[in-house]
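Note that full-length UniProt numbering has the sequence shown beginning at 1, numbered continuously upward. For every residue, glycine included, the Cβ atom is placed at its ideal position computed from N, Cα and C. Predicted model, so just to flag it, every value in this text is computed and none were measured. Remarks on the structure that follows.
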Amino acid sequence: MAFSAATGDLPDLHVVFPWHCPPLLQPRTFIVTSPEEIYQHTSQLPETGQKAWIEKTFSKRECIYIIANNKDVNRCCCGQLISQHIPIPPSTAANKNGEETKQLEPQPEKWSVSKHTQTCPTDAYGNLEFQGGGHSNKAMYIRVSYDTKPDSLLHLMVKDWQLELPKLLISVHGGLQNFELQPKLKQVFGKGLIKAAMTTGAWIFTGGVSTGVIRHVGDALKDHSSKSRGRICAIGIAPWGIVENKEDLIGKDVSRVYQTMSNPLSKLCVLNSSHTHFILVDNGTLGKYGAEVKLRRQLEKHISLQKINTRLGQGVPVVGLIVEGGPNVISIVLECLREEPPLPVVICDGSGRASDILSFAHKYSEEGGIISESLRDQLLVTIQKTFNYNRNQAHQLFVILMECMKKKELITVFRMGSEGQQDIEMSILTALLKGTNASAPDQLSLALAWNRVDIARSQIFVFGHHWPPLGSLTVTDGTAPEKEKKSPAAQTKAARGKGKGKKKGGKMKEEPEEETDPRKLELLNWVNSLEQAMLDALVLDRVDFVKLLIENGVNMQRFLTIPRLEELYNTVSEL
1 MAFSAATGDL PDLHVVFPWH CPPLLQPRTF IVTSPEEIYQ HTSQLPETGQ
51 KAWIEKTFSK RECIYIIANN KDVNRCCCGQ LISQHIPIPP STAANKNGEE
101 TKQLEPQPEK WSVSKHTQTC PTDAYGNLEF QGGGHSNKAM YIRVSYDTKP
151 DSLLHLMVKD WQLELPKLLI SVHGGLQNFE LQPKLKQVFG KGLIKAAMTT
201 GAWIFTGGVS TGVIRHVGDA LKDHSSKSRG RICAIGIAPW GIVENKEDLI
251 GKDVSRVYQT MSNPLSKLCV LNSSHTHFIL VDNGTLGKYG AEVKLRRQLE
301 KHISLQKINT RLGQGVPVVG LIVEGGPNVI SIVLECLREE PPLPVVICDG
351 SGRASDILSF AHKYSEEGGI ISESLRDQLL VTIQKTFNYN RNQAHQLFVI
401 LMECMKKKEL ITVFRMGSEG QQDIEMSILT ALLKGTNASA PDQLSLALAW
451 NRVDIARSQI FVFGHHWPPL GSLTVTDGTA PEKEKKSPAA QTKAARGKGK
501 GKKKGGKMKE EPEEETDPRK LELLNWVNSL EQAMLDALVL DRVDFVKLLI
551 ENGVNMQRFL TIPRLEELYN TVSEL
């Protein structure tokens with residue numbers, strides 16, 4: 001090969017050869033300029049139109065240059081064997097007009113996704129059926145470029161995959177290499193994760209392949225599906241380049257059989273058969289992780305901006321669940337805590353490595369991420385031993401760890417068997433309530449969306465912590481707002497106007513100034529929030545919540561005003 005001669009002359013340089021990739025398909029039916037138009041066009045598209053939209057919207061990436069890897073001259077820097085790179089004649093290449101031109105001289109260059117890959121319409125999406133392992137499951141999948149817009153992906157998930165928007169998103173992170181969990185911890189972890197997802201209508205995000213923490217999540221999902229008809233929505237977001245047998249997935253709008261038996265000599269990974277959907281993220285590399293990281297974070301952020309329910313103003317809450325993990329997991333935790341708004345994190349203590357280090361630091365660090373000198377040295381030694389780091393590397397990771405501890409109030413540690421410890425499902429849900437820094441009414445709105453009256457009773461209606469005392473309600477008897485969603489000041493005006501009555505002679509008093517007493521404003525806010533929650537509970541048919549709200553002071557005689565009765569009647573009629 002010409003390549004061999006070139007590498008013989010330039011042993012220390014990267015060698016570049018251009019390669020042609022077919023241009024993107026041109027639009028055939030319509031031009032889309034905004035996400036709103038995408039929804040408008042695709043919601044009523046026939047099957048062929050939907051297929052055209054998918055191929056127009058989603059792309060794959062392929063390496064279009066061969067750049068020799070210094071560590072392995074038989075491979076391009078993208079990870080592909082040079083012998084398997086799509087070949088071109090060594091001395092000629094076609095220009096844009098189809099004319100042959102002399103190939104450029106080899107140039108030393110560092111490989112990058114932006115410079116040396118090109119997008120083409122995606123060539124892999126449809127349905128797959130898992131075979132091997134004694135059971136058969138089906139899943140939907142798509143291959144997408146790493147820079148795909150998250151709104152397009154969410155549209156695909158809701159419209160094409162026909163998923164309901166989640167009321168909670170549980171994002172699982174942890175070790176990629178296989179590890180063992182204590183049998184009891186594995187059982188508690190699996191049952192708690194499944195219960196949290198089932199009772200709230202959650203989606204679970206994982207890395208999608210059948211290794212490490214994802215394998216343990218898959219085992220929990222498999223155990224659940226064997227005992228129940230319903231499947232939990234588990235979405236694997238994996239790099240296309242690390243998927244074993246990915247050639248079997250090539251095809252547009254196809255159904256494919258996928259073998260889950262992996263080659264023990266291969267560095268690639270099979271997809272986990274307990275997942276329901278896969279987003280396979282392509283940046284043109286082979287055998288390398290990382291293509292999925294940014295897209296997964298952007299998709300989680302975009303989902304968090306969606307409203308749980310048209311009646312409830314809350315966005316979809318997101319929580320990170322950490323099990324075991326390498327040093328990169330500690331960095332992932334810091335990224336979660338630095339999000340705006342920050343994402344609460346639940347750490348599974350006792351699962352090993354990063355999780356145990358995070359749990360130890362959380363237990364012994366003080367507010368502001370301060371830790372004693374002796375414990376600091378102990379942590380540094382533990383980091384060195386756990387990750388086989390030198391002193392300098394350990395110190396760099398320690399700095400990241402202490403940055404996490406500056407926001408330790410957003411971290412919940414689950415310790416199995418410790419006194420007063422709730423199960424991991426409650427840890428996840430309570431972490432969301434305390435981590436979002438939401439007001440009590442907003443927390444109540446979340447509990448309503450999840451239909452978890454136990455959460456509302458044990459975590460929200462804690463008098464003296466979130467709410468004014470129950471006896472305070474007598475102050476507002478007869479002065480509740482007549483109309484829905486008035487501001488506290490407006491409610492105060494209405495209350496005063498009613499309570500004062502008429503002057504002698506039948507003349508009304510002038511309207512008083514707006515209420516400014518913060519305690520009274522808080523009380524009026526509270527009353528209004530409870531009554532709004534009661535209205536939502538009635539519309540959503542949450543019987544247990546109706547009982548709970550009555551127990552906690554909602555006066556039904558005052559609540560059932562004419563406007564509210566009209567709204568209830570009209571809302572129920574529309575259902």
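Collapsed DSSP secondary structure at residue i in the structure displayed
| i | result |
| --- | --- |
| M140 | strand |
| L271 | strand |
| G499 | Residue confidence for G499 is low, a pLDDT of 46 falling below 50, so the modelled location carries little weight and cannot support an answer. |
| T119 | strand |
| N390 | coil |
| Y65 | strand |
| W240 | helix |
| R75 | strand |
| F414 | strand |
| L169 | strand |
| V554 | coil |
| G49 | helix |
| I232 | coil |
| S266 | coil |
| L535 | helix |
| W203 | strand |
| L560 | coil |
| S59 | strand |
| K406 | coil |
| E567 | helix |
| K288 | coil |
| K434 | helix |
| K246 | helix |
Start-to-end residues for the beta strand (DSSP E) that takes in residue i
| i | result |
| --- | --- |
| S255 | G251 to Q259 |
| D282 | H277 to D282 |
| F130 | A124 to Q131 |
| I322 | V318 to V323 |
Per-residue burial, residue i [other beta carbons within 10 Å of its own, 16 or more giving buried]
| i | result |
| --- | --- |
| T42 | In this prediction, T42 scores a pLDDT of 46, lower than 50, which makes its location untrustworthy; the coordinate-derived value is nonetheless stated afterwards. It is buried - the Cβ of T42 has at least 16 other Cβ atoms within 10 Å. |
| R391 | exposed |
| Q259 | exposed |
| K110 | exposed |
| P563 | exposed |
| T516 | exposed |
| S226 | exposed |
| N388 | exposed |
| I170 | buried |
| N528 | buried |
| L81 | exposed |
| M261 | exposed |
| Y65 | buried |
| T412 | buried |
| N283 | buried |
| K498 | Residue placement at K498 cannot be trusted, given a pLDDT of 46 that sits under 50; what the coordinates show is reported in the next sentence. The residue is exposed, with fewer than 16 neighbouring Cβ atoms inside 10 Å. |
| T117 | buried |
| H465 | Low per-residue confidence applies at H465: pLDDT is 45, beneath 50, and the placement is therefore not dependable, though the value from the model is reported in the following sentence. H465 comes out exposed. |
| D349 | buried |
| N137 | buried |
Cβ distance (whole Å) where residue i is taken to contact residue j below 8 Å
| i | j | result |
| --- | --- | --- |
| G241 | K288 | 6 Å |
| Q126 | R256 | Note that residue 126 is Gly in the sequence shown here, rather than Gln. Confirmed, Cβ separation roughly 7 Å. |
| V346 | S458 | That pair is no contact at about 17 Å. |
| E129 | F205 | So it is not a contact: roughly 23 Å between Cβ atoms. |
| G275 | G208 | Correcting the residue type first, residue 275 is His in the shown sequence and not Gly. The pair is a contact, with the Cβ atoms about 6 Å apart (cut-off 8 Å). |
| V316 | L165 | 7 Å |
| K167 | G201 | 4 Å |
| I250 | D442 | Contact flag wrong, Cβ pair sits at about 46 Å. |
| K51 | S145 | Not quite, the Cβ-Cβ distance comes to about 18 Å (not below 8 Å), so this is no contact. |
Residue i - containing alpha helix (DSSP H), residue span
| i | result |
| --- | --- |
| A197 | P183 to T200 |
| G218 | G212 to K227 |
| I370 | No alpha helix (DSSP H) holds I370; DSSP gives it neither H nor E. |
| I347 | Where I347 is concerned, there is no enclosing alpha helix (DSSP H), although the beta strand (DSSP E) it sits in stretches over V345 to C348. |
| E300 | V293 to S304 |
| D356 | R353 to Y364 |
| P341 | No alpha helix (DSSP H) contains P341, which DSSP labels as neither H nor E. |
| S458 | Taken as a continuous stretch (DSSP letters only), S458 belongs to no alpha helix (DSSP H), as it is neither H nor E. |
| Q84 | Element bounds for Q84: n/a, residue is neither H nor E. |
| S445 | A440 to W450 |
| S112 | It is not in any alpha helix (DSSP H) - S112 carries neither H nor E in the DSSP assignment. |
| D541 | Element bounds for D541: n/a, residue is neither H nor E. |
| residue 583 | Given a span of 1 to 575 for the chain in the structure shown, any question on residue 583 remains unanswerable. |
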